[in-house]
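Novice: Residue numbers (full-length UniProt numbering), protein chains in the order written: chain Y, 1 to 421; chain H, 1 to 421.
Number of protein chains: 2
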Amino acid sequence: MASGARVIIVGGGFGGLEAARALSRAPAEVLLIDRQNHHCFQPLLYQVATAALSPADVAWPIRTLLRRQRNATVIMAEVVGVDPGRRQVRTSAGTHDYDFLVLATGATHSYFSHPEWAPAAPGLKRIEDATDIRRRILTAFERAEAVQDEAERRRLLTFVIVGAGPTGVELAGALAEVARDALPGDFRRIDPASARIVLVEAGPRVLPVFPDPLSDYARRALERAGVEVMLGARVVDVGPDGVRLEEGEIAAGAVLWAAGVVASPAAGWAGAEADRAGRAVVEPDLSAPGRPEVFVIGDTAAVSSEGGPVPGIAPAAKQMGRYVGRLIAARLAGRPAPPPFRYRHEGDLATIGRRAAVVSVHGLKLTGYTAWLFWSLAHIYFLIGLRNRIAVALNWAFNYVTYQRGARLITEPAAPPPPPG
Amino acid sequence: MASGARVIIVGGGFGGLEAARALSRAPAEVLLIDRQNHHCFQPLLYQVATAALSPADVAWPIRTLLRRQRNATVIMAEVVGVDPGRRQVRTSAGTHDYDFLVLATGATHSYFSHPEWAPAAPGLKRIEDATDIRRRILTAFERAEAVQDEAERRRLLTFVIVGAGPTGVELAGALAEVARDALPGDFRRIDPASARIVLVEAGPRVLPVFPDPLSDYARRALERAGVEVMLGARVVDVGPDGVRLEEGEIAAGAVLWAAGVVASPAAGWAGAEADRAGRAVVEPDLSAPGRPEVFVIGDTAAVSSEGGPVPGIAPAAKQMGRYVGRLIAARLAGRPAPPPFRYRHEGDLATIGRRAAVVSVHGLKLTGYTAWLFWSLAHIYFLIGLRNRIAVALNWAFNYVTYQRGARLITEPAAPPPPPG
Chain Y
1 MASGARVIIV GGGFGGLEAA RALSRAPAEV LLIDRQNHHC FQPLLYQVAT AALSPADVAW
61 PIRTLLRRQR NATVIMAEVV GVDPGRRQVR TSAGTHDYDF LVLATGATHS YFSHPEWAPA
121 APGLKRIEDA TDIRRRILTA FERAEAVQDE AERRRLLTFV IVGAGPTGVE LAGALAEVAR
181 DALPGDFRRI DPASARIVLV EAGPRVLPVF PDPLSDYARR ALERAGVEVM LGARVVDVGP
241 DGVRLEEGEI AAGAVLWAAG VVASPAAGWA GAEADRAGRA VVEPDLSAPG RPEVFVIGDT
301 AAVSSEGGPV PGIAPAAKQM GRYVGRLIAA RLAGRPAPPP FRYRHEGDLA TIGRRAAVVS
361 VHGLKLTGYT AWLFWSLAHI YFLIGLRNRI AVALNWAFNY VTYQRGARLI TEPAAPPPPP
421 G
Chain H
1 MASGARVIIV GGGFGGLEAA RALSRAPAEV LLIDRQNHHC FQPLLYQVAT AALSPADVAW
61 PIRTLLRRQR NATVIMAEVV GVDPGRRQVR TSAGTHDYDF LVLATGATHS YFSHPEWAPA
121 APGLKRIEDA TDIRRRILTA FERAEAVQDE AERRRLLTFV IVGAGPTGVE LAGALAEVAR
181 DALPGDFRRI DPASARIVLV EAGPRVLPVF PDPLSDYARR ALERAGVEVM LGARVVDVGP
241 DGVRLEEGEI AAGAVLWAAG VVASPAAGWA GAEADRAGRA VVEPDLSAPG RPEVFVIGDT
301 AAVSSEGGPV PGIAPAAKQM GRYVGRLIAA RLAGRPAPPP FRYRHEGDLA TIGRRAAVVS
361 VHGLKLTGYT AWLFWSLAHI YFLIGLRNRI AVALNWAFNY VTYQRGARLI TEPAAPPPPP
421 G
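Now the structure itself:
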């Protein structure tokens, strides 16, 4: 094991992994702690939720990704708390001392002060969320085929997606393809293509981070795919049978949540002030105020760059991870600290479905087939390793040619939890 | 929807599917009921449990498999009971009338009158069992890496597989490969290759259905792979921390059960006598005694053919399904009933691991590389559809070349169950 400064990184997402990698040649012992054993490629999670891909296509064991980095150790444990005075992280697997701490714990769904909505409207952050959503979608069609009552059948065949950011748009578009293309031939009593898919958005347009013309295109593409887009519509209640809007109720067989995120509780651990979204307000070098040895990165950090807030997306998390890793390496080498973190926006991509996507990269604006091809190639490129690239490409080719989905499994939560000890 | 005699098939495994297909041109309305939405290729389930394959590689939606058969309807529902007098099947989705009933509900694990052992020692029948076992195996290695206590680490790195039939042998061999080949480079504090893998068998040899020399070969191949084979060893207790044998205790991080099966409760539904393994004792034409319109097939049926009992394996279930489907079709067409069911044994295959397998087919006996190649090609052949064949072949090629496993995910049971209604 390498000896040197002890760097603890909490979280094996895009930010945490980049931070670990940036320390590969530093005189440091890196300990990466995550409560799950895998890194998940969240941008494609909606494809697991809509039965196009398998969980293993978009996830990798964190320790395999750091296999060759001999100064990195990975443990799977739950962080219980941080003692910044003693410089210790308390976990379900013991207490660990650090010289530097990087908090990269990401974000989770926010239900606008209504946590009681969560069981009825899962969001999409983890592999388990994706298989949960997949189960709900497919189970609704199964129940609709089995049920006798017509009103109940209509309810079961109605799907509401709350929030029209990239995740909501991609879920709605993919769900429309499942209903219109993949399922119809398989059912006898219902017509899956008659399913009602409603995308509910409180703001005035879909994909608000994109330029206006691309938002317009995305809305029209969704509507062409058979998605009802409701703009300026505010959700006031969510329950197991549907949602209530200010304008009225929608009885639904499944409600999916893509409306808001809140940072994990790392701001408290770092002793930093939290913004409205729970993110730790950090210094320009991403350190916690008054704690130059504690850093917060990715969706957990609130930081501005060139006058605007840094968005909660994968490239931003990677850039922060790399920056902090290099900053720690510089300090350990006695080199001068790098200038403040500066975010470089690479662009925005979102897909609506078959041959329909929007791309806004460095002033380049694309829609339709070209954008879809760009989106597909970019995502294959960003996957890790040959196996997953081939697996995803194979599944997409299968999907494209046959209109089928290869992972249409309803799996139940396992009956007994793993034994303690 | 075709009209005609109402045939209800309960269970979409190998037997139930074959029965449905054999009725494709009969003047019948076929209703296939299963509590899961997918047909599972059980012979490869151990590869999901050992992280080589994804669930979707070995499972297909039942309704997709019967997509083109217009006289077949599939519903996902739980069968609550059968009323043979009224000829009705009661399910979680209403009551259904039948003219013919085919019970193909399979078998589940038997714990020798110790159902309390089940939570500590999962068996391998469903997709959920496989991901549960995968979680236990991978979690044991993760905990061993995180834990400080040496005795606890030794316990966590000990795996006990109970039962040395094909499933136990294949699990033990695959687990040895995970420990010796896939994991070592990924850990820093433990040596996964030092894991102790114990295959416990009460009988005098492994793979008892194979000829003696093949059993011997399999035992030696397992030992070469680093599996401890304990023959004539009887399990007297199983708990979350390991197993107790007559000879002493083995503290273990995971215990896997491959020792016995018991038929599902269909014997009671059919009004037939059950044998010791819970299987319905049926007539030579697989009908329930005194109920010529009720049939029991596959692992749920106890039937003899040419003086010997028909084994509980996939080819037998398929043959029974085809036989019963054709028998019902003959009756509907007013043709004479076929002669009694006659089982044709096609052979036995089992694999131990990389380039090691045993094959006993029509007097042909193979071991080693040739057997392994035969086993691999046969299993690719028996998979359904091009997508899954390519996916499995790709994963095997990846596994063969890199010694890695592509689906090393620890996934938790989803937090909230799906909403009711």
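Glycine included, C-beta positions come from ideal geometry on N, C-alpha and C.
All of these numbers come straight from a predicted model, not from anything done at the bench.
1) Just to make sure I have the definition right: I need the residues of chain Y whose C-beta is within less than 7 Å of the C-beta of D181/H. Which are they?
2) Give me the Cα-Cα distance between P309/Y and Y343/Y, rounded to the nearest whole angstrom.
3) Does the CB of G421/Y have a neighbour CB from chain H at under 8 Å?
4) Return the Cβ separation of V235/H and V200/H in integer angstroms, given the expectation that the two are a contact with Cβ distance under 8 Å.
5) In three-state DSSP terms, what is P55/Y?
6) Tell me the rounded alpha-carbon separation between P275/Y and R196/Y.
7) Where do the ends of the beta strand (DSSP E) carrying A72/Y lie?
8) In chain order, what residues of the same chain lie with their CB nearer than 7 Å to the CB of E78/Y, ignoring the 5 residues before and after it?
9) Can you find a C-beta in chain H that's less than 8 Å from the C-beta of Q148/Y?
10) Using the Cβ count rule (16 or more neighbours within 10 Å means buried), how would you classify A397/H?
11) Judging by CA-CA distance, which residue of S194/H, R219/H, A5/H, Q88/H is the nearest neighbour of residue 484/H?
12) Grouping DSSP H, G and I as helix and E and B as strand, with all else coil, what is E228/Y?
13) Verify whether the separation of the beta carbon atoms of I410/Y and N37/H is less than 8 Å.
14) Show which residues of chain H have a CB atom less than 7 Å away from the CB atom of A56/Y.
15) What's the C-alpha gap between L332/Y and P27/Y?
16) DSSP three-state label for I8/Y, please.
17) Which residues bound the alpha helix (DSSP H) around G141/H?
18) Whether or not the stretch 97-113 of chain H and the stretch 44-60 of chain H are in contact is what I'm after, with contact meaning three or more pairs of Cβ atoms, one per stretch, closer than 8 Å; do they touch?
19) Between the Cα of I352/Y and the Cα atoms of T95/Y, A107/Y, P166/Y, which residue gives the shortest distance?
20) Listed in chain order, which residues of the stretch 22-56 of chain Y have Cβ atoms closer than 7 Å to some Cβ of chain H?
21) Residue range of the beta strand (DSSP E) that S360/H falls in?
22) Chain Y partners of F187/H, CB-CB under 8 Å?
23) Kindly indicate the opening and closing residues of the alpha helix (DSSP H) around P315/Y.
24) Reducing DSSP to helix, strand and coil, say where A195/Y ends up.
25) Just curious, the beta strand (DSSP E) that V236/Y is in, first and last residue?
26) In this structure, how does DSSP classify I380/Y when only helix, strand and coil are distinguished?
27) Does T158/H come out as helix, strand or coil in the three-state DSSP assignment?
28) Short of 7 Å Cβ to Cβ, which residues in the stretch 67-86 of chain H face chain C?
29) Please compile the residues from chain Y whose C-beta is within a distance smaller than 7 Å of the C-beta of F398/H.
30) Whole angstroms is fine: what's the gap from A176/H's alpha carbon to F382/H's?
31) Look up residue 445/H in the DSSP assignment and say whether it is helix, strand or coil.
32) Put P419/H into one of helix, strand or coil per three-state DSSP.
33) Measuring only the C-alpha atoms, how far is P419/Y from P119/H?
34) Would A140/H pass as a contact of L156/H if the rule is Cβ separation under 8 Å?
35) Closer than 7 Å by C-beta to A2/Y: which residues in its own chain qualify, once you throw out the five before and the five after it? Chain order, please.
36) According to the neighbour-count rule (16 or more other Cβ atoms, all chains shown, within 10 Å of its Cβ), is F112/H buried or exposed?
Specialist: Let me lay it out:
1) Result: empty, since nearest Cβ-Cβ is about 13 Å, beyond 7 Å.
2) 9 Å
3) Residue placement at G421/Y cannot be trusted, given a pLDDT of 31 that sits under 50; what the coordinates show is reported in the next sentence. Yes, G421/Y counts as interfacial toward chain H.
4) 6 Å
5) helix
6) Residue identity check: residue 275/Y is Asp in the sequence provided, not Pro. Going by the C-alpha atoms only, they are around 37 Å apart.
7) 72-76
8) R35, T91, S92
9) yes
10) exposed
11) Here chain H has residues from 1 to 421 only, and residue 484/H is not among them.
12) strand
13) yes
14) S54, G406, A407, L409
15) 7 Å
16) strand
17) For clarity, residue 141/H is Phe in the given sequence; the question names Gly instead. Taken as a continuous stretch (DSSP letters only), the alpha helix (DSSP H) holding F141/H covers 127-146.
18) no
19) P166/Y
20) Q36, N37, H38, S54, P55, A56
21) 356-361
22) R63
23) 314-332
24) coil
25) 235-239
26) helix
27) strand
28) Note that chain C does not occur in the displayed structure, where the protein chains are Y and H.
29) R387
30) 26 Å
31) Any property of residue 445/H remains undetermined from this structure, which presents chain H solely from 1 to 421.
32) With a pLDDT of only 35 at P419/H, under the threshold of 50, the placement of this residue in the model should not be trusted; the figure read from the coordinates follows. Here P419/H sits in coil by DSSP.
33) Residue placement at P419/Y is flagged as unreliable, the pLDDT there being 35, under the threshold of 50; the coordinate-derived value follows with that caveat. Roughly 8 Å separates the two Cα atoms.
34) yes
35) Caution is warranted here: a pLDDT of 44 is assigned to A2/Y, below 50, making its placement in the model unreliable, and the coordinate value is therefore given only provisionally. If we look at A2/Y and ignore the five residues flanking it on each side, its Cβ neighbours are E29, R70, N71.
36) exposed
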